[in-house]
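Written out below as structure tokens is the structure these notes cover.
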Amino acid sequence: MNLPMDPEIRRILLLSAPEAAELVIGWELYADGAGGRIVEAEAYTDDDPASHAFDGPRGRNLPMFLEGGHIYVYRSYGVHWCMNLVTGPAGSGQAVLIRALEPLWGLDEMRLRRPGIADHRLLSGPGNLTKAMGVTGESSGTLLGEVVGARMGDFGGKVGVTTRLGLTRAMDTPWRFCALGSRSISRKPPRE
DNA sequence: AGGATGATCATCT
DNA sequence: GATGATCATCCTG
């Protein structure tokens with residue numbers, strides 16, 4: 001895969017992470033022929049105590065300080081890979097964690113990668129979706145279109161907002177965005 | 001339906 | 001030596 005980035009995608013990924021995180025709900029993400037529609041995402045910024053970018057560019061978080069449109073993949077709890085879309089101008093240290101997608105393509109391949117999982121759950125959860133799509137830390141720092149591709153899209157519903165999941169800091173910041181009504185959201189969605 | 005637990009390792013103190 | 005932007009599994013009710 002080596003595709004030029006859609007200008008509208010590029011424009012949105014140069015916005016701040018909280019703005020972009022809401023707008024990416026409904027987009028299509030794919031890697032190696034497998035993927036689906038984004039139904040859940042969270043924003044992280046450089047002045048956010050919960051963000052890997054909070055202490056400045058070092059080590060694994062370097063890709064977060066690239067220009068919007070790159071991807072940042074990190075290992076969570078030593079076990080799972082988690083994928084972000086980097087946003088904002090170069091050096092700004094922002095990203096959108098992709099938490100869940102509704103499966104659209106590569107169902108056979110994804111079932112092999114996650115045996116025994118119901119189809120609508122194949123891409124539900126940040127660690128689960130990278131496993132189903134075959135995305136690892138090797139693609140951290142690549143540009144969208146190299147390993148992971150994105151297309152504009154629309155899920156045709158409303159977006160709900162809640163606080164982010166799994167944090168020990170900045171737990172009140174309402175930067176989790178969900179496609180209301182989707183069965184593929186990783187945990188209980190906000191009330192409509 | 002919901003709480004506790006352990007896996008496992010890069011990064012940081 | 002401690003800490004996670006997690007998840008599957010094993011409880012309890």
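Mapping of the first sequence onto this note's numbering: position 45 corresponds to residue 45, and the numbering continues sequentially without gaps. Note that CB positions come from ideal geometry on N, CA and C, so glycine has one too.
Quiz item: Terminal residues of the continuous alpha helix (DSSP H) containing Gly128?
Solution: A small correction: the amino acid at residue 128 is Asn; Gly does not occupy that position in the sequence shown. Counting along the chain, the alpha helix (DSSP H) containing Asn128 begins and ends at 126-133.
Quiz item: What does DSSP give as the partner residues of Thr162 in its beta bridges?
Solution: Arg176
Self-check item: Thr49 classed as buried or exposed, judged by whether at least 16 other C-beta atoms fall within 10 angstroms
Solution: It should be pointed out that residue 49 corresponds to Pro in this sequence rather than to Thr. Answer is exposed; the Cβ neighbour count stays below 16.
Practice problem: Tell me where the beta strand (DSSP E) around Glu109 begins and ends. | Solution: No beta strand (DSSP E) holds Glu109; the alpha helix (DSSP H) holding it covers 107-113.
Self-check item: Proximity winner among Gly160, Thr162, Leu14, Arg183, relative to Ile71 (alpha-carbon distances)
Solution: Leu14
Quiz item: Looking at the structure shown, is Ala53 part of a helix, part of a strand, or coil, going by DSSP?
Solution: coil
Exercise. Give the single residue among Thr87, Ile185, Ser124, Ala34 whose Cα lies nearest to the Cα of Gly134.
Key: Ala34
Exercise. Grab the span of the beta strand (DSSP E) containing Ala43 for me, first residue to last.
Key: 34-44
Quiz item: Does the distance from the C-beta atom of Ala100 to that of Ala17 stay below 7 Å?
Solution: no
Exercise. State buried or exposed for Val24, treating a residue as buried only when at least 16 other CB atoms are found within 10 Å of its CB.
Key: buried
Quiz prompt | Cβ shell of Arg113 (< 7 Å), same chain only, five flanking positions each side left out | solution = Lys131, Ala132, Gly134
Practice problem: Would you be able to state if there are at least three C-beta pairs under 8 Å between the segment 108-122 and the segment 142-161? | Solution: no
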